[in-house]
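To convert, note that position 36 of the sequence shown is 36 in the UniProt record's numbering; the numbers rise steadily by one, no gaps. Note that the Cβ used here is the ideal one computed from N, Cα and C, for glycine as well. Single-structure report; data block below.
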Amino acid sequence: MNDDESRGLTMPIGLRIKSWIKKGKPDEYVMNKLKLTGLIGRALTEDPNFKYFQTFKVDGWLKKEATTTAWDDLDIALGEVTKVDTFRIYEQYITELNKKAENIHWDQRSNLFGGGSETELVAKVLILKKLGRTNAFDIGNMVGSTGLLAYSRQFEEI
1 MNDDESRGLT MPIGLRIKSW IKKGKPDEYV MNKLKLTGLI GRALTEDPNF
51 KYFQTFKVDG WLKKEATTTA WDDLDIALGE VTKVDTFRIY EQYITELNKK
101 AENIHWDQRS NLFGGGSETE LVAKVLILKK LGRTNAFDIG NMVGSTGLLA
151 YSRQFEEI
């Protein structure tokens with residue numbers, strides 16, 4: 001416990017998350033502060049503080065505006081993609097990008113969603129469809145023709 005905590009002067013969690021992002025704090029530091037260190041699987045994802053860790057990750061990626069690093073940072077592979085706990089963090093990230101896309105011109109959307117491995121592009125399309133983006137033109141503007149092709153190779157439809 002630091003001096004501020006002993007005096008009851010704790011910073012609201014939202015401000016702490018912003019501070020950690022701004023200072024470039026590593027995941028291990030944040031997990032320690034949130035008392036998540038050593039937790040795995042369900043114990044980790046069901047802990048009430050896990051949502052704050054998700055917010056830290058997603059907001060950090062949104063600040064960097066780099067979807068491909070988000071995918072790589074989570075080390076997600078195709079075979080286990082939707083079973084991995086960390087996929088929920090990535091899904092939350094794409095959900096936030098989808099909200100952000102509402103406020104930009106359609107021809108700029110590929111800057112938010114384009115790029116990444118074939119697996120990542122397929123995952124983006126799956127998430128976007130789950131979020132209600134079912135129009136092939138709309139999805140194509142977001143993930144580009146490469147994303148549409150990757151998806152159609154996996155599922156033979158769009």
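What separation, rounded to the nearest whole angstrom, lies between the Cα atoms of Leu15 and Lys63?
The count along the sequence shown starts at 1 and reaches residue 15 at position 15. The count along the sequence shown starts at 1 and reaches residue 63 at position 63. The straight-line gap from Cα to Cα measures roughly 15 Å.
Span separating the alpha-carbon of Tyr52 from that of Lys23:
In the sequence shown, residue 52 corresponds to position 52, counting from 1. In the sequence shown, residue 23 corresponds to position 23, counting from 1. It is roughly 17 Å from the alpha-carbon of Tyr52 to the alpha-carbon of Lys23.
Residues of its chain near Phe56, where Cβ-Cβ distance is below 7 Å and the 5 sequence neighbours each way are ignored: Reading the sequence shown from its first residue, position 56 is the one you call residue 56. For Phe56, where only same-chain residues beyond five positions count, the Cβ hits under 7 Å are Ile17, Trp20, Ile21 and Val30.
Quiz item: Using the C-alpha atoms, what's the distance from Lys35 back to Ala43?
Solution: By 1-based counting over the sequence shown, the position of residue 43 is 43. By 1-based counting over the sequence shown, the position of residue 35 is 35. Spanning the two alpha carbons is a distance of roughly 12 Å.
Between Leu112 and Ala123, how many whole angstroms is the CB-CB distance? I'm expecting something under 8 Å.
Locating residue 112 in the sequence shown gives position 112, where the first residue counts as 1. Locating residue 123 in the sequence shown gives position 123, where the first residue counts as 1. The C-beta distance from Leu112 to Ala123 rounds to 15 Å, too long to fall under 8 Å, and the pair is not in contact.
ask   = Thinking C-beta only, is Val58 closer than 7 Å to Glu91?
value = As a first step, residue 91 must be located in the sequence shown, where it is residue number 91. As a first step, residue 58 must be located in the sequence shown, where it is residue number 58. No, the pair does not count as a contact, with Cβ atoms beyond the cut-off.
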